[in-house]
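J.:
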Amino acid sequence: MTVSTCLYEGKAKRIYQTDQVNELLVEYKDDATAFNGEKQAVLSGKGRLNNEISARLLAKLQEDGVPNHFIRKVSDREQLVQAVKIMPLEVVVRNVAAGSLAGRIGYEEGVKLKQPIIEFYYKDDDLGDPLLNRDHITELAMTDSETLDAIEEQALKVNTILSNYFLSKNIRLIDFKLEFGHTETAGQLILADEVSPDTCRLWDANTNEKLDKDVFRRDLADLPEVYEQLLHRLGDA
Ligand code: UDP
267 MTVSTCLYEG
277 KAKRIYQTDQ
287 VNELLVEYKD
297 DATAFNGEKQ
307 AVLSGKGRLN
317 NEISARLLAK
327 LQEDGVPNHF
337 IRKVSDREQL
347 VQAVKIMPLE
357 VVVRNVAAGS
367 LAGRIGYEEG
377 VKLKQPIIEF
387 YYKDDDLGDP
397 LLNRDHITEL
407 AMTDSETLDA
417 IEEQALKVNT
427 ILSNYFLSKN
437 IRLIDFKLEF
447 GHTETAGQLI
457 LADEVSPDTC
467 RLWDANTNEK
477 LDKDVFRRDL
487 ADLPEVYEQL
497 LHRLGDA
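Using our numbering, read the sequence shown as starting at 267 and increasing by one per residue.
(1) What do you reckon, are the CB atoms on Val362 and Val377 nearer than 8 Å?
(2) Can you list, in chain order, the residues of its chain whose CB lies under 8 Å from that of Asn399, leaving out five sequence neighbours each side?
(3) What residues in its chain sit with their C-beta under 8 Å from that of Ile352, if we drop five residues either side in the sequence?
(4) By how many angstroms is the C-alpha of Glu475 removed from the C-alpha of Asp441?
(5) Check the C-beta distance from Asp296 over to Lys312 and give it rounded, since I have them as a contact under 8 Å.
(6) Three or more C-beta pairs closer than 8 Å, one from the stretch 400-411 and one from the stretch 423-441: is that the case here?
(7) Give the secondary structure of Lys312 by DSSP, where H, G and I count as helix, E and B as strand, and everything else as coil.
(8) Just to check my reading of the structure: Ala298 and Leu489 have Cβ atoms closer than 8 Å, yes? What is that Cβ distance to the nearest angstrom?
(9) Cβ atoms of Asn288 and Glu450: under 8 Å apart, would you say?
(10) Let me check you understand the geometry: is the CB of Val358 closer than 7 Å to at least one non-hydrogen atom of the ligand UDP?
(11) Using a Cβ-Cβ cut-off of 6 Å (strictly less than) and excluding sequence neighbours within five positions of Leu428, which residues of its own chain qualify?
(12) Enumerated in chain order, which unbroken segments of the beta strand (DSSP E) with a length of 3 residues or greater are wholly contained in the stretch 425-483?
(13) Quick one: does the C-beta of Arg467 sit closer than 7 Å to a heavy atom of the ligand UDP?
(14) Closer than 7 Å by C-beta to Gly394: which residues in its own chain qualify, once you throw out the five before and the five after it? Chain order, please.
(15) Excluding the 5 residues flanking Val292 on each side, which residues of the same chain have their C-beta closer than 7 Å to its C-beta?
(16) Looking only at DSSP bridge pairs, what is Leu346 linked to?
(17) With a 10 Å radius around its C-beta and 16 neighbouring C-beta atoms as the bar for buried, classify Tyr493 as buried or exposed.
(18) Return helix, strand or coil for Lys326, following the three-state DSSP convention.
(19) Would Asp464 and Asn316 be called neighbours here (beta carbons separated by less than 8 Å)?
(20) In the structure shown, what three-state DSSP assignment does Thr409 receive?
(21) Can we count Leu367 as close to the ligand UDP, meaning its CB is less than 7 Å from some heavy atom?
(22) Suppose the cutoff is 6 Å on Cβ atoms and the five residues either side in sequence are ignored; what does the same chain contact list for Glu418 look like?
(23) Going by Cα to Cα distance, which pick from Leu309, Leu323 and Ala307 is closest to Asn425?
(24) Just to confirm, does Ala257 get its C-beta within under 7 Å of one of the non-hydrogen atoms of the ligand UDP?
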């Protein structure tokens, strides 16, 4: 496989064209950002750890029937993925109140929700990624109602699979963010982007110790050390 032009550089990843039509290379960087880029650091090892953890979680989701863009890991920091036209939508699923939800509805962080809550956010840095409802999404002509139904169904399926998986490692899946898009080839709706401790909140089931990017956002611990510990707990399967 030959890698050519960098098509896109984001806060935590670079995307490259390859010589295979409809296959892209994702390089996970060591950069960490929070609060819409206001807080930044380069954390040695982060790219490798997120590439490994995301590869495992996306492969697990595929095995359990959630189609996604992951093809294979090709190096420490790189994975090959299907080319997908990503929708400018962040789909957040929550099981426990934390982060922005706790503030929005006045719950203490850690309160278990009666049922999972799905939220949509507009991926737009200039607007500060605002919360959207389905009417806003229709107004923005982002997608149709059937596609939103399919996204919600997939998001809840991911929640069930990953909650059970993490619980088998004595870890609670508090909340997470997903992104979806349509494949360049068949226009099929699939899960894309990463699924990692950068995009999930994960707490130790006994101690509530944080095993995710909140350790960086809130200066609680050394992020690469925590991600290494998490990977160790995930073990071989
Ligand atoms: N999240 C993310 N990218 C974002 C915003 C949120 O991956 O741009 C994840 C975040 O890690 C958490 C979940 O989505 O697992 C919910 O985040 P929240 O809305 O509480 O925002 P935060 O408190 O992280 O700003």
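Where is the CB? At the ideal position from N, CA and C, for every residue including glycine.
T.: Inspection of the coordinates gives the following:
(1) Sequence index remark: in the sequence shown, residue 362 carries index 96 (1-based). Sequence index remark: in the sequence shown, residue 377 carries index 111 (1-based). In contact: Val362 and Val377 (Cβ atoms closer than 8 Å).
(2) One-based indexing of the sequence shown puts residue 399 at position 133. Closer than 8 Å at Cβ, skipping near neighbours: Phe386.
(3) As a first step, residue 352 is located in the sequence shown; it is residue number 86 there, counting from the start. Apart from sequence neighbours up to five positions away, the residues of its chain that approach Ile352 with a beta-carbon distance below 8 Å are Glu445, Phe446, Gly447, Ala458 and Asp459, ordered along the chain.
(4) On the sequence shown, residue 441 is found 175 positions in, with the first residue counted as 1. On the sequence shown, residue 475 is found 209 positions in, with the first residue counted as 1. The alpha-carbon atoms of Asp441 and Glu475 are separated by roughly 15 Å.
(5) If you number the sequence shown from 1, residue 296 lands on position 30. If you number the sequence shown from 1, residue 312 lands on position 46. About 5 Å separates the two Cβ atoms, so the contact holds.
(6) no
(7) The sequence position of residue 312 within the sequence shown is 46, counting from 1. Here Lys312 sits in helix by DSSP.
(8) What you label residue 298 is simply residue 32 of the sequence shown in a count that begins at 1. What you label residue 489 is simply residue 223 of the sequence shown in a count that begins at 1. Indeed they touch by this definition, with Cβ atoms about 6 Å apart.
(9) As a first step, residue 450 must be located in the sequence shown, where it is residue number 184. As a first step, residue 288 must be located in the sequence shown, where it is residue number 22. Yes; because the gap between Cβ atoms is below 8 Å, this pair is in contact.
(10) On the sequence shown, residue 358 is found 92 positions in, with the first residue counted as 1. Flag set: Cβ of Val358 near the ligand UDP.
(11) Taking the sequence shown and counting its residues from 1, one reaches residue 428 at position 162. So the list reads Leu439, once near-sequence residues are dropped.
(12) 437-449, 455-458 and 466-470
(13) Within the sequence shown, numbered from 1, the residue matching residue 467 stands at position 201. Taking 7 Å as the cut-off, one finds at least one heavy atom of the ligand UDP near enough to the beta carbon of Arg467.
(14) Reading the sequence shown from its first residue, position 128 is the one you call residue 394. In its chain, beyond the 5 residues on either side, Asn302 have a beta carbon closer than 7 Å to the beta carbon of Gly394.
(15) The residue labelled residue 292 in the question sits at position 26 within the sequence shown. For Val292, where only same-chain residues beyond five positions count, the Cβ hits under 7 Å are Lys279, Ile281, Glu344, Gln345 and Val347.
(16) Translated into positions along the sequence shown, residue 346 becomes position 80. In DSSP, Leu346 forms a bridge with Leu291 and Arg338.
(17) The residue you call residue 493 lines up with position 227 of the sequence shown. Within a 10 Å sphere around the beta-carbon of Tyr493 sit 16 or more other beta-carbons, which makes this residue buried.
(18) Numbered from 1 along the sequence shown, position 60 holds the residue referred to as residue 326. Three-state DSSP puts Lys326 in a helix.
(19) Numbered from its first residue, the sequence shown carries residue 464 at position 198. Numbered from its first residue, the sequence shown carries residue 316 at position 50. In contact: Asp464 and Asn316 (Cβ atoms closer than 8 Å).
(20) Counting from 1 along the sequence shown, the entry for residue 409 is found at position 143. The answer is coil: DSSP assigns Thr409 none of H, G, I, E or B.
(21) If you number the sequence shown from 1, residue 367 lands on position 101. Yes; taking the cut-off as 7 Å, the Cβ of Leu367 has a heavy atom of the ligand UDP nearer than that.
(22) Numbered from its first residue, the sequence shown carries residue 418 at position 152. Excluding residues within five positions, the ones whose Cβ falls inside 6 Å are Ile384.
(23) Stepping through the sequence shown from its first residue, residue 425 is reached at position 159. Comparing Cα-Cα distances from Asn425 to each of Leu309, Leu323 and Ala307, the minimum goes to Leu323.
(24) Absent from the model: residue 257. The displayed extent of the chain is 267 to 503, so no value can be given.
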